[in-house]
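**Q** Below is the structure I would like to discuss, written out as structure tokens.
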Amino acid sequence: MVEQNDHLDRVLWSWTNEDFFQVRDASNGIFVSGGLGSGKTSAVGNLIAGHYMLNGFGFLVLTAKENEKDLWIKYCRQYGREKDLIVFSPNSGHYFNFFEEELLRNDKGKAIAHNIADVLMNVIKSGARDSQESDKAFWDSTLQQLIVNAVDLCLLTQNRKFEHVYKIIQSAPRNNQEIHNEKWRVSSKCFRLIEHTAFHLDKADDTPENIKLKRRLQNIEDFFLESWINLSEKTRSIVEQMFFGFGDRFMREPLRELFSGETTVRPDDTFKGKIIIIDLPVLVYDKTGRDAQVLWKYLWQRTIQRRKISNNSRPVCLWVDEFQNFINPDYDIQFQSIAREYRACTVYITQNLPNFYLNAGGGEIGKTRFKALAGNLGTKFFLANSDPETNEYASELIGKNWQWTNNEGQTFGEKNSSSQGKSEILTNIVEPSDFTRLKTGGSENDFMVQAYVHRQGKTFKYYRQYQNGELEVIEESHKLTHLKQNVL
1 MVEQNDHLDR VLWSWTNEDF FQVRDASNGI FVSGGLGSGK TSAVGNLIAG HYMLNGFGFL
61 VLTAKENEKD LWIKYCRQYG REKDLIVFSP NSGHYFNFFE EELLRNDKGK AIAHNIADVL
121 MNVIKSGARD SQESDKAFWD STLQQLIVNA VDLCLLTQNR KFEHVYKIIQ SAPRNNQEIH
181 NEKWRVSSKC FRLIEHTAFH LDKADDTPEN IKLKRRLQNI EDFFLESWIN LSEKTRSIVE
241 QMFFGFGDRF MREPLRELFS GETTVRPDDT FKGKIIIIDL PVLVYDKTGR DAQVLWKYLW
301 QRTIQRRKIS NNSRPVCLWV DEFQNFINPD YDIQFQSIAR EYRACTVYIT QNLPNFYLNA
361 GGGEIGKTRF KALAGNLGTK FFLANSDPET NEYASELIGK NWQWTNNEGQ TFGEKNSSSQ
421 GKSEILTNIV EPSDFTRLKT GGSENDFMVQ AYVHRQGKTF KYYRQYQNGE LEVIEESHKL
481 THLKQNVL
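Per full-length UniProt numbering, residue 1 is the first one in the sequence shown, and the count goes up by one each step.
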């Protein structure tokens with residue numbers, strides 16, 4: 001057995017008597033791909049979730065399908081973790097006021113307008129297709145400015161809900177005529193808050209703190225009363241639509257109540273071993289469910305980065321089945337590069353690579369983003385798949401070796417002749433077509449699922465015994481493993 005000097009050395013399961021999967025492997029992340037019905041969830045997912053649960057991992061679980069909540073409830077019962085289960089869904093009695101939580105952070109980054117704006121920007125951008133339009137960077141920058149100033153106005157006026165940001169932007173002036181219209185000034189939340197804050201700060205003493213507050217208010221006034229109204233109508237409309245397309249979903253049920261009620265569950269509850277299931281499946285709630293879960297994922301990732309780690313810190317898992325629905329390309333890549341340091345164990349499950357490419361920007365940018373992310377996922381499972389691109393990638397990843405091949409030749413003519421020889425050629429260790437023939441479970445396969453497993457930086461040991469009794473140790477980066485389906 002492996003000597004366990006550190007929590008990272010804890011063995012979660014054994015591949016063989018000499019090959020182990022440890023917490024440090026889990027911290028390097030897992031990628032699982034396989035076609036429909038290949039056993040991704042019932043075999044590989046069951047293997048990983050079961051051992052993580054038995055070892056006390058905390059979980060944040062995102063859901064794509066309606067039955068995923070029930071599956072995880074069964075897991076919790078099976079592995080004795082029912083007391084740790086938290087289901088975040090409409091009528092669950094659980095709420096997460098993310099805006100207020102960002103204000104109450106216990107680090108130096110709390111209550112910084114740009115940090116809170118980044119939360120919203122990341123969710124907005126993750127749900128938008130990459131555009132090739134030359135003005136996109138300008139629109140993104142303007143949207144960022146809009147949100148930052150709305151958030152900062154909320155901070156100055158002690159408004160701690162997303163709905164206040166929404167209403168400030170909704171009531172922002174669009175031209176000089178509105179600013180000078182008394183009826184508009186009374187009805188605009190944006191203007192009323194600016195006017196109210198200015199009134200109180202004008203009466204306040206010029207202490208260092210009040211001078212800072214006055215500067216912040218001046219920046220807000222400069223933006224809303226000058227920069228914003230001087231934008232072209234087209235630009236302003238595009239930027240507003242970018243915000244409202246996202247924000248409107250959080251102003252309506254079920255998200256309004258879920259994300260504005262008094263907080264009962266937080267991302268760092270997973271550090272205490274809680275298993276948080278975000279039961280807003282994409283196939284039921286569509287973009288509403290997606291945005292809510294991407295928000296949870298992003299805030300969990302940011303919370304992870306502020307985590308203080310000791311040798312015995314609990315490992316926590318981000319579990320994302322149908323990962324293509326929840327991609328936040330640039331940030332997911334950044335997060336994965338530091339996840340191990342914080343005992344964050346990601347499990348990303350998807351059917352094939354084109355699904356990822358499409359949702360990560362498409363084309364070459366989608367492929368580049370996949371390579372950047374996959375390069376930091378230490379263990380990869382490849383199950384039965386009919387997608388050529390996924391199978392080619394898996395084959396290339398596993399690699400090639402030199403094989404001897406027999407050559408025979410014959411010539412016919414006045415004198416017939418033949419020749420024989422051998423040559424060494426470089427061939428795939430596992431051919432792309434091999435992945436189409438892997439067992440997919442079910443009664444016809446005795447509920448057995450096959451998967452090729454590739455480990456980055458670690459090998460599997462094999463032994464070859466020759467007729468003279470000599471034993472050769474062979475080390476490979478991959479293994480064909482057989483997993484039993486868990487038919488719950």
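Yeah, the Cβ is synthetic: ideal placement off N, Cα and C, and Gly gets one too.
(1) Could you give the C-beta distance for T63 and I278, rounded to a whole number, given that I count them as a contact under 8 Å?
(2) Compute the distance between the beta-carbons of G441 and V449, then report whether it is under 7 Å.
(3) In terms of residue numbering, what span does the alpha helix (DSSP H) encompassing residue 558 cover?
(4) Hey, is the segment 193-200 in contact with the segment 156-170, meaning 3+ C-beta pairs nearer than 8 Å?
(5) Between the C-alpha atoms of E431 and S395, what's the straight-line distance to the nearest angstrom?
(6) Please name the residue in K234, W184, S89 whose C-alpha comes closest to that of F138.
(7) Who are the near neighbours of I124 in its chain, counting only those whose CB is closer than 6 Å to its CB and skipping five residues on each side?
(8) Does L426 pass the burial test, meaning 16 or more other C-beta atoms within 10 Å, or should it be called exposed?
(9) In or out: N391 buried (at least 16 other Cβ within 10 Å) or exposed?
(10) Would you give the residue range spanned by the beta strand (DSSP E) that I276 belongs to?
(11) Thinking C-beta only, is R343 closer than 7 Å to S313?
(12) By alpha-carbon positions, which one of R105, I398, E182 ends up nearest to R266?
(13) Would you say I220 and N149 are within 7 Å of each other, going by their C-beta atoms?
(14) Pop quiz: K479 and W13 are said to be a contact at Cβ under 8 Å. What is the actual Cβ separation, rounded to whole angstroms?
(15) Measuring CA to CA, which of E101, G378, S92, K461 is closest to D19?
(16) Distance, Cα to Cα, L201 vs N210?
(17) So, do the segment 340-360 and the segment 141-157 have three or more beta carbon pairs nearer to each other than 8 Å?
(18) By alpha-carbon positions, which one of V294, L318, L47 ends up nearest to A451?
(19) Apart from the five residues just before and just after N115, which ones in its own chain have a Cβ nearer than 6 Å to its Cβ?
(20) For the 8 Å Cβ check, are there 3 or more pairs between the segment 37-46 and the segment 248-261?
(21) How far does the alpha helix (DSSP H) with Y357 in it extend, from its first residue to its last?
(22) Tell me where the beta strand (DSSP E) around A483 begins and ends.
(23) Among S187, C317, E253, which residue has its Cα nearest to the Cα of V23?
(24) Beta carbon of D387, beta carbon of N352: below 7 Å?
(25) I want to see whether chain B comes within less than 7 Å of I169, judged by CB atoms only; does it?
(26) Which value, in whole angstroms, describes the spacing of the CA atoms of L85 and W72?
(27) According to DSSP, is A344 helix, strand or coil?
(28) Alpha carbon to alpha carbon, how far is G34 from V347? Give it in angstroms, no decimals.
(29) Which one of P254, A49, Q145, M121 has the shortest CA to CA distance from E226?
(30) According to DSSP, is W15 part of a helix, a strand, or is it coil?
(31) Relative to the C-alpha of D330, which candidate in I30, D118, K183, C76 has its C-alpha closest?
(32) Pick out whichever of G56, A49, G37 has its Cα sitting closest to the Cα of H7.
(33) Excluding sequence positions up to five away, which residues of its chain have a Cβ less than 7 Å from the Cβ of K203?
(34) Given this structure, state the Cα-to-Cα distance separating V239 from A372, to the nearest angstrom.
(35) Are V282 and N325 touching if we call contact CB-CB under 7 Å?
(36) Can you list, in chain order, the residues of its chain with a C-beta nearer than 6 Å to that of E3? Leave out the 5 residues immediately preceding and following it.
**A** To lay it out plainly:
(1) Indexing the sequence shown from 1 puts residue 63 at position 63. Indexing the sequence shown from 1 puts residue 278 at position 278. 6 Å between Cβ atoms; contact.
(2) Looking up residue 441 in the sequence shown gives position 441. Looking up residue 449 in the sequence shown gives position 449. Yes, these two residues count as a Cβ contact at 7 Å.
(3) This structure cannot speak to residue 558, because the chain is shown only from 1 to 488.
(4) yes
(5) As a first step, residue 431 is located in the sequence shown; it is residue number 431 there, counting from the start. As a first step, residue 395 is located in the sequence shown; it is residue number 395 there, counting from the start. Near 6 Å, if we compare the C-alpha coordinates of S395 and E431.
(6) Residue mapping note: residue 138 aligns to position 138 of the sequence shown, counting from 1. Per the Cα distances, K234.
(7) Taking the sequence shown and counting its residues from 1, the one referred to as residue 124 is at position 124. Cβ within range, chain order: F246.
(8) If you number the sequence shown from 1, residue 426 lands on position 426. That one is exposed.
(9) Against the sequence shown, residue 391 aligns to sequence position 391. The residue in question, N391, is buried, as its Cβ has 16 or more Cβ neighbours within 10 Å.
(10) Taking the first residue of the sequence shown as 1, we reach residue 276 at position 276. 275-278 is the extent of the beta strand (DSSP E) around I276.
(11) Translated into the one-based positions of the sequence shown, residue 313 becomes position 313. Translated into the one-based positions of the sequence shown, residue 343 becomes position 343. Yes. Within cutoff.
(12) On the sequence shown, position 266 is the one that residue 266 refers to. Considering only alpha carbons, the answer is R105.
(13) One-based indexing of the sequence shown puts residue 220 at position 220. One-based indexing of the sequence shown puts residue 149 at position 149. Going by C-beta atoms, I220 is nearer than 7 Å to N149.
(14) As a first step, residue 479 must be located in the sequence shown, where it is residue number 479. As a first step, residue 13 must be located in the sequence shown, where it is residue number 13. The Cβ separation is near 13 Å, so there is no contact.
(15) Position 19 of the sequence shown, counting from 1, holds the residue named residue 19. Among E101, G378, S92, K461, the Cα nearest to that of D19 belongs to K461.
(16) Taking the sequence shown and counting its residues from 1, one reaches residue 201 at position 201. Taking the sequence shown and counting its residues from 1, one reaches residue 210 at position 210. Whole-angstrom Cα-Cα distance: 7 Å.
(17) no
(18) In the sequence shown, the residue the question calls residue 451 occupies position 451. Answer by Cα proximity: L47.
(19) Here residue 115 is taken as the residue at index 115 of the sequence shown, counted from 1. Only G109 meet the Cβ criterion.
(20) Touching, no, given that fewer than three Cβ pairs across the two stretches are closer than 8 Å.
(21) Start at 1 with the first residue of the sequence shown, and residue 357 comes out as number 357. Here the alpha helix (DSSP H) through Y357 covers 353-359.
(22) On the sequence shown, residue 483 is found 483 positions in, with the first residue counted as 1. The sequence given here has Leu at residue 483, not Ala. Looking at the DSSP string, the run of the beta strand (DSSP E) that includes L483 is 478-484.
(23) On the sequence shown, position 23 is the one that residue 23 refers to. Nearest C-alpha to V23: C317.
(24) The residue you call residue 387 lines up with position 387 of the sequence shown. The residue you call residue 352 lines up with position 352 of the sequence shown. Contact flag set, yes.
(25) Checking the listed chains, one finds no chain B in this structure; it contains a single protein chain.
(26) As a position in the sequence shown, residue 85 is number 85, starting the count at 1. As a position in the sequence shown, residue 72 is number 72, starting the count at 1. Approximately 9 Å between the Cα atoms of the pair.
(27) Here residue 344 refers to the residue found at position 344 when the sequence shown is read from its first residue. Three-state DSSP puts A344 in a strand.
(28) Mapped onto the sequence shown, residue 347 falls at position 347. Mapped onto the sequence shown, residue 34 falls at position 34. For V347 and G34, the distance between alpha carbons rounds to 14 Å.
(29) On the sequence shown, residue 226 is found 226 positions in, with the first residue counted as 1. Ranking P254, A49, Q145, M121 by Cα distance to E226 puts Q145 first.
(30) On the sequence shown, residue 15 is found 15 positions in, with the first residue counted as 1. Here W15 sits in coil by DSSP.
(31) On the sequence shown, position 330 is the one that residue 330 refers to. D330 has its Cα closest to that of D118, out of I30, D118, K183, C76.
(32) Taking the sequence shown and counting its residues from 1, one reaches residue 7 at position 7. The residue with the shortest Cα to Cα distance from H7 is G56.
(33) Counted from its first residue, the sequence shown places residue 203 at position 203. For K203, where only same-chain residues beyond five positions count, there are no Cβ hits under 7 Å.
(34) Against the sequence shown, residue 239 aligns to sequence position 239. Against the sequence shown, residue 372 aligns to sequence position 372. V239 and A372: Cα-Cα distance of roughly 30 Å.
(35) To locate residue 282, count along the sequence shown from 1; it is residue 282. To locate residue 325, count along the sequence shown from 1; it is residue 325. Inclusion of V282 and N325 in the CB contact set at 7 Å is warranted, their separation being smaller than that value.
(36) Here residue 3 refers to the residue found at position 3 of the sequence shown. Low per-residue confidence applies at E3: pLDDT is 41, beneath 50, and the placement is therefore not dependable, though the value from the model is reported in the following sentence. Counting only Cβ-Cβ distances below 6 Å, and skipping sequence neighbours, we find nothing.
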